[in-house]
Structure formats: structure tokens, C-alpha cells
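Student:
Residue numbers (the working numbering): 144 to 197.
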């Protein structure tokens, strides 16, 4: 629980909000485009780190 509180500090929340807003501006304006680009920005780097550990 301590890690959860440490991650969701105000600074980290603002950084995450700015990243998501910029990502929305760069998407094509549709919900599907938003989630597609969100997966490219956030999910794929985490998956590549996970695969490198294996």
C-alpha cells in the first residue's frame, strides 16, 4: 500500500495527466485512435522491458 501512495503523489498525477493530454492531441481524434496510440506509448515499452528480462 505504501508503494501505491508513493506512486500517486500530486507530481506524478500531473505528469500522467500531461502525458495523456498530449497523447490525445497527437491521436487522430477518435476513441479508437486514442486507445491505439495510448497502447503504443505506454503498453509496448513496458512489454519490451518485460520481454528483455525473460
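All C-beta atoms in this analysis are idealised placements derived from N, C-alpha and C, irrespective of residue type, glycine included.
Given the structure is predicted, the values throughout are model-derived calculations rather than measurements.
1. Quick check on DSSP: helix, strand or coil for residue 152?
2. Can you tell me whether residue 172 is helix, strand or coil according to DSSP?
3. Got a sec, what are the start and stop residues for the alpha helix (DSSP H) residue 187 sits in?
4. Quick test of your reading: residue 170 and residue 176, contact by CB under 8 Å. State the CB separation rounded to the nearest angstrom.
Tutor: According to the structure data:
1. coil
2. Secondary structure of residue 172 (DSSP, three-state): coil.
3. Residue 187 -> alpha helix (DSSP H) spans 187 to 196.
4. That belief holds up - the Cβ atoms of residue 170 and residue 176 are roughly 4 Å apart, short of 8 Å.
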